[in-house]
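**Student:** Chains as they are written, first to last, in the numbering used here: chain A, 1 to 418; chain B, 1001 to 1079. Idealized CB from N, CA, C, for every residue including glycine.
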């Protein structure tokens, strides 16, 4: 792998940028691998990278039904943060944040990680108390958190509706280390680094079934490009986890739901970081290109359609107008939908499955992007050592049976409420 | 999406509350309770599901809808 640097940029500029090598190797399937990762999104590619880099396991393939990063890795709102309240989540997401902080040097790839801050607004005394509690939990886990009063929020974001709003802003919980990253670059950076370490990235290769031995253990995958044997098979196909797991006879505590997101036309810089509305579900940031990137609730019904319906568009835009009326004249350029693995407690699953040889990385609800580095790190750790990483011990598949659910919102076993 | 409510006729989905898959039935044994509460077939294709017409006739109805296309195939009262 040729390293990117100011010198490589200058050298390639002199030759008119015609001599750049492909970023990663587009491999064809070999007969077998030590480990196959199903799903070439951020999580799958990060898993392959850390398997090769941290654990020295390079006989690895990532197989992807379409093109890498073409699923939810390309359909999110690029927010990174670790502002969780529960012990099962906090250390994991903070580990992810630490990996984000070193990611570009690690991968030698510009992922445009920008720690511009994540501000959750509160609008009532009760919400302030809940945020203070969450902020305290974060600080006890070594995560940065600041509780801002109304004046401090006003200094950061004077354009918010402080006068006459139906739900007046009282303050906010700020994580300054949170922010955004360039979603495609994360995929390409992991793909490039994994490929350089010997990982095969195989696109247009859809899993159609699993190969099992006489004991029922999974020993490979049937794909649209032939049978591939594997010592271990890990699935990282959030959105479609139930469909892939069903090929192995598993039913998961997951429903697939559609989440929409939106981008406005490009504007001059107006929004300093990520801002979330506390009295409706609305969150917004501004991309480096200038577009306002925003979203809200999932549509609420099971869907694999990758597109949503208008009531949620209206609901999201109403939230935006209630929070910052100045965006009312900006035009929405694009909207899209992604399919979320909504679990029954709103938290993910990184665990061995009840079927020998099959390992699960699933259930990311609508928070998978920020988890990408730690998800890869912890899934690689699990696949390599067969023990969970210390920050991911709570993400067990059997927690729904044992009662050890990780329900940040306290919403109960109703997937569309998380 | 519009749902052809068997009582009210074709109505916007905003009037309805979604509950989910209509196929699980409450089991008699504690052992089967986990599957009933937590596990889902998560169907990709036509799925029978419960919707509540909260801002209409306030009936629970069973809608058959294709989760891949959002096409609504039928809506009927549960028996």
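(1) If you draw a straight line from the alpha carbon of residue 262(A) to that of residue 241(A), how long is it in whole angstroms?
(2) Report yes or no: is there a C-beta of chain B within less than 7 Å of the C-beta of residue 264(A)?
(3) Report yes or no: is there a C-beta of chain E within less than 7 Å of the C-beta of residue 303(A)?
(4) Of the residues 9(A), 101(A), 25(A) and 122(A), which one's Cα is nearest the Cα of residue 19(A)?
(5) Which of helix, strand or coil does DSSP assign to residue 43(A)?
(6) For residue 49(A), which residues in the same chain have their Cβ closer than 6 Å to its Cβ, ignoring the five residues on either side in sequence?
(7) Between the segment 199 to 211 of chain A and the segment 89 to 100 of chain A, do at least 3 Cβ pairs fall closer than 8 Å?
(8) Quick one: which unbroken beta strand (DSSP E) runs of 3-plus residues sit fully inside the segment 295 to 322 of chain A? Chain order, please.
(9) List in chain order: all unbroken alpha helix (DSSP H) runs of 4+ residues lying wholly within the segment 3 to 37 of chain A.
(10) Compare the beta carbon distance of residue 233(A) and residue 36(A) with 7 Å and say whether it is the shorter of the two.
(11) Measuring CA to CA, which of 4(A), 264(A), 238(A) and 83(A) is closest to residue 360(A)?
(12) Would you mind telling me which residues of chain A sit closer than 7 Å to residue 1034(B), beta carbon to beta carbon, in chain order?
(13) Mind pulling the chain B residues with CB within less than 7 Å of residue 254(A)?
(14) Is residue 1037(B) helix, strand or coil by DSSP?
(15) Just curious, the beta strand (DSSP E) that residue 210(A) is in, first and last residue?
(16) Three-state secondary structure (DSSP) at residue 1078(B)?
(17) What did DSSP end up calling residue 61(A) once you bin it into helix, strand or coil?
(18) Where does residue 82(A) sit, in a helix, a strand or coil, going by DSSP?
(19) Quick check: the segment 167 to 176 of chain A against the segment 115 to 134 of chain A, are at least 3 beta-carbon pairs closer than 8 Å?
(20) Let me make sure I understand the geometry here. Which of 1073(B), 1033(B), 1002(B) and 1031(B) has the alpha-carbon closest to that of residue 1046(B)?
(21) Can you check whether the CB of residue 256(A) is closer than 7 Å to the CB of residue 327(A)?
(22) For residue 344(A), decide whether its Cβ has a neighbour in chain B, counting only Cβ atoms nearer than 7 Å.
(23) Please list, in chain order, the residues of the segment 291 to 322 of chain A that have any C-beta partner in chain B closer than 7 Å.
(24) Give the straight-line distance between the Cα atoms of residue 399(A) and residue 380(A), rounded to the nearest whole angstrom.
(25) Considering only residues of the same chain and omitting the five flanking positions on each side of residue 216(A), which have a CB-CB separation below 8 Å?
(26) Return the residue from the list 365(A), 320(A) and 60(A) that minimises the CA-CA distance to residue 414(A).
(27) How would you call residue 1033(B), buried or exposed, if buried means at least 16 neighbouring beta carbons within 10 angstroms?
(28) Does residue 409(A) come out as helix, strand or coil in the three-state DSSP assignment?
(29) One question on the structure: do residue 79(A) and residue 223(A) come within less than 7 Å of each other, judged by their Cβ atoms?
(30) Going straight from the alpha carbon of residue 119(A) to that of residue 1029(B), what length do you get?
(31) Name the one or two DSSP bridge partners that residue 1050(B) has.
(32) Would residue 214(A) be called buried (16 or more neighbouring beta carbons within 10 Å of its own) or exposed?
**Tutor:** The answer reads as follows:
(1) Rounded to whole angstroms, the separation of the alpha carbons of residue 241(A) and residue 262(A) is 25 Å.
(2) no
(3) Of the protein chains in the structure, A and B, none is chain E.
(4) 9(A)
(5) helix
(6) 190, 193 and 194
(7) no
(8) none
(9) 6 to 14
(10) A contact, by the Cβ cut-off of 7 Å.
(11) When 4(A), 264(A), 238(A) and 83(A) are compared, the shortest CA-CA separation from residue 360(A) is found for 238(A).
(12) 400 and 401
(13) 1040 and 1042
(14) Residue state, collapsed to three classes: helix.
(15) 207 to 212
(16) coil
(17) strand
(18) coil
(19) yes
(20) 1073(B)
(21) no
(22) yes
(23) 300, 301, 302, 303, 304, 305, 309 and 311
(24) Their Cα atoms are separated by approximately 21 Å.
(25) 355 and 356
(26) 365(A)
(27) exposed
(28) coil
(29) The answer is no: Cβ separation not under 7 Å.
(30) 46 Å
(31) Answer is 1020(B) and 1062(B).
(32) Exposed is the label assigned to residue 214(A), since fewer than 16 other Cβ atoms lie within 10 Å of its Cβ.
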